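Written below as structure tokens is the structure these notes are about.
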Amino acid sequence: MIKDSGTRRGFDSGAVRDMQEGKGRMDLLPWNGIMEVSKHCEQGAIKYGENNIDKGIPISSLADSAARHLAKYIAGENDENHLVASVWNLLWALEFSITKPELNDLYNWREE
Numbered sequence: 075m076i077k078d079s080g081t082r083r084g085f086d087s088g089a090v091r092d093m094q095e096g097k098g099r100m101d102l103l104p105w106n107g108i109m110e111v112s113k114h115c116e117q118g119a120i121k122y123g124e125n126n127i128d129k130g131i132p133i134s135s136l137a138d139s140a141a142r143h144l145a146k147y148i149a150g151e152n153d154e155n156h157l158v159a160s161v162w163n164l165l166w167a168l169e170f171s172i173t174k175p176e177l178n179d180l181y182n183w184r185e186e
């Protein structure tokens, strides 16, 4: 079965496709950055084991690590790719906020 939104977009060639709206724009992603994050994933799989991250890490730990790596990047430290490490941590924090909200242990100071 092919999903159908009921609306079409046409191309100069005369071809038509289902509307793309709301599906995301993969063509707009920064592929060089994504490649760098994928290399970080590869190194992590070697160090910690394949899919270790899927076991779950609290979002507070990911946020802490992301902030620390970003600070090191801003400070000009280059002993490792701190910007990539920060992005990796942020992507997993985002992923877990969507797929494993029970890992969100961030302190909410607004609820006081």
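Count along the sequence shown from 1, add 74, and you get the number used in the numbering used here. For each residue, glycine too, the CB sits at the ideal point set by N, CA and C. Predicted, not measured: the structure shown is a model, and the values here were computed from it.
Between the alpha carbons of residue i and residue j, how many angstroms are there, rounded?
i: Ala145; j: Glu176; result: 27 Å
i: Phe85; j: Ala159; result: 40 Å
i: Phe170; j: Asn125; result: 14 Å
i: Arg83; j: Lys77; result: 15 Å
i: Leu136; j: Asn163; result: 5 Å
i: Gly118; j: Trp183; result: 33 Å
i: Asp138; j: Ser87; result: 50 Å
i: His156; j: Lys121; result: 17 Å
Since residue i and residue j should fall inside the 8 Å C-beta cutoff, what is the C-beta to C-beta distance between them, to a whole number of angstroms?
i: Lys174; j: Gly130; result: 6 Å
i: Val111; j: Leu165; result: 7 Å
Exposed or buried, which one is residue i when buried takes at least 16 other CB atoms within 10 Å?
i: Ala167; result: buried
i: Val90; result: exposed
i: Ala141; result: exposed
*Could you give the uninterrupted runs of the alpha helix (DSSP H) lying entirely in the stretch 120-178, keeping only those of 4 residues or more?*
133-148 and 156-173
*Touching by the beta-carbon criterion (3+ pairs, under 8 Å), the stretch 131-145 and the stretch 96-109*: no
_Every unbroken alpha helix (DSSP H) inside the stretch 83-125 [4 residues or more]_ = 105-122
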